[in-house]
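Colleague: If you read the sequences in order, they're chains A and B. Position 46 of the first sequence, counted from 1, bears residue number 45 in numbering that gives the first Met the number 0, the numbering being contiguous throughout. Position 85 of the second sequence, counted from 1, bears residue number 84 in numbering that gives the first Met the number 0, the numbering being contiguous throughout. The C-beta atom is built at its ideal place from N, Cα and C for all residues, glycine as well. First, the structure itself, so that you have it in front of you.
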Amino acid sequence: MKKVVMYTLSTCPWCMRAKKFFREHDIPFEYIDYDKADRETQQAIREDCLSHGEQMSFPFVKIGDDVVVGYNLNKYAQLLGL
Amino acid sequence: MRSYWVCDGEKMDTGKRKEQLKVMYQRVVDPLGYKFSPDEEIVDFLLEQEVQLEKEKGNPFCPCQGLTGERDHDMKLVCPCIPFHREHYDAMKRCWCGLFVHKSVDDPYELQQISLKDLEESKNKKKKERP
Numbered sequence: 000m001k002k003v004v005m006y007t008l009s010t011c012p013w014c015m016r017a018k019k020f021f022r023e024h025d026i027p028f029e030y031i032d033y034d035k036a037d038r039e040t041q042q043a044i045r046e047d048c049l050s051h052g053e054q055m056s057f058p059f060v061k062i063g064d065d066v067v068v069g070y071n072l073n074k075y076a077q078l079l080g081l
Numbered sequence: 000m001r002s003y004w005v006c007d008g009e010k011m012d013t014g015k016r017k018e019q020l021k022v023m024y025q026r027v028v029d030p031l032g033y034k035f036s037p038d039e040e041i042v043d044f045l046l047e048q049e050v051q052l053e054k055e056k057g058n059p060f061c062p063c064q065g066l067t068g069e070r071d072h073d074m075k076l077v078c079p080c081i082p083f084h085r086e087h088y089d090a091m092k093r094c095w096c097g098l099f100v101h102k103s104v105d106d107p108y109e110l111q112q113i114s115l116k117d118l119e120e121s122k123n124k125k126k127k128e129r130p
């Protein structure tokens with residue numbers, strides 16, 4: 000199973016729905032709410048987003064080595080082989 | 000506390016502020032070819048988040064994009080942020096958080112969020128395909 004890590008915002012409904020999708024499919028995932036994180040973590044998230052050529056638009060979902068920016072169930076499922 | 004949070008000397012409640020923002024936003028997005036999402040539940044949730052962000056940060060920022068604390072960056076995320084991201088949002092027929100959709104859209108769930116990187120790659124591919 001590919002590792003799933005998400006950067007999210009506590010205010011973002013699409014982030015909540017993305018989490019719901021992974022829970023419903025019993026896919027373990029880790030997440031960090033960017034807006035609730037300390038400054039150091041926020042800076043690290045920002046650099047990670049930029050290193051992938053992306054803006055800080057959420058949800059920012061890392062599935063294995065792939066990145067999906069946005070709520071895109073088809074892409075999540077495809078990358079996880081669901 | 001910002002002055003617009005005080006109405007006749009009394010603190011404005013969240014519901015009243017949501018209604019105010021709705022009226023203000025409608026005036027801005029209509030000439031841009033956008034309207035509120037037909038999904039009233041998501042509209043209400045997003046407006047609620049924006050009112051909270053306005054209370055905490057001083058502006059009703061997009062609830063789905065990250066603030067950096069840098070004014071130049073963050074002010075482009077004050078709702079409605081369509082004018083600053085016009086090409087990107089026009090390609091998606093919605094704004095990033097989905098509060099607004101193109102006037103032509105009836106079903107917001109037919110639309111997908113497209114990252115800026117994917118949009119740029121798609122544009123470059125089309126350019127290369129041109130004879």
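(1) Just the Cα atoms here: how many angstroms apart are Ala17(A) and Tyr70(A)?
(2) Using the three-state DSSP reduction, which class does Ile62(A) fall into: helix, strand or coil?
(3) Residues in its own chain within less than 8 Å of Lys92(B) by CB, not counting five upstream and five downstream?
(4) Is any beta-carbon of chain A found at less than 8 Å from that of Cys63(B)?
(5) Between Cys80(B) and Cys63(B), is the Cβ-Cβ spacing less than 8 Å?
(6) If you draw a straight line from the alpha carbon of Cys78(B) to that of Asp32(A), how long is it in whole angstroms?
(7) Any Cβ of chain B within less than 8 Å of the Cβ of Gly63(A)?
(8) In whole angstroms, what separates the C-alpha of Asp29(B) from that of Lys2(A)?
(9) Quick one: Cα of Phe60(B) to Cα of Leu118(B), how far?
(10) Does any C-beta atom of chain B lie closer than 8 Å to the C-beta of Arg22(A)?
(11) For Tyr33(B), is the classification buried or exposed, using 16 other Cβ atoms within 10 angstroms of its Cβ as the cut-off for buried?
(12) Would you report the Cα separation of Thr7(A) and Lys126(B), rounded to the nearest angstrom?
(13) Can you find a C-beta in chain A that's less than 8 Å from the C-beta of Thr67(B)?
(14) Please list the partners that Ile41(B) has in chain A, where partner means a Cβ-to-Cβ separation under 8 Å.
Modeller: Looking at the coordinates:
(1) C-alpha separation (whole angstroms): 6 Å.
(2) Here Ile62(A) sits in strand by DSSP.
(3) Residues of the same chain with a CB within less than 8 Å of the CB of Lys92(B), apart from the 5 flanking positions on each side, are Val100, His101, Ser103, Val104 and Leu110 in chain order.
(4) Chain A contact via Cβ: present.
(5) Not closer than 8 Å, so no.
(6) Between Cys78(B) and Asp32(A), the C-alpha separation is close to 21 Å.
(7) For Gly63(A), not one C-beta of chain B is nearer than 8 Å to its own C-beta.
(8) CA-CA distance, Asp29(B) to Lys2(A), rounds to 43 Å.
(9) Taking the straight line joining both Cα atoms gives about 23 Å.
(10) Contact with chain B is absent for Arg22(A), since none of that chain's Cβ atoms lies less than 8 Å from the residue's Cβ.
(11) Residue environment for Tyr33(B): buried (at least 16 other C-beta atoms within 10 angstroms of its C-beta).
(12) When only Cα atoms are considered, Thr7(A) and Lys126(B) end up about 33 Å apart.
(13) Answer yes: the Cβ-Cβ gap between Thr67(B) and chain A drops below 8 Å somewhere.
(14) Think of a sphere of 8 Å around the beta carbon of Ile41(B): the chain A residues whose beta carbon falls inside it are Pro12, in chain order.
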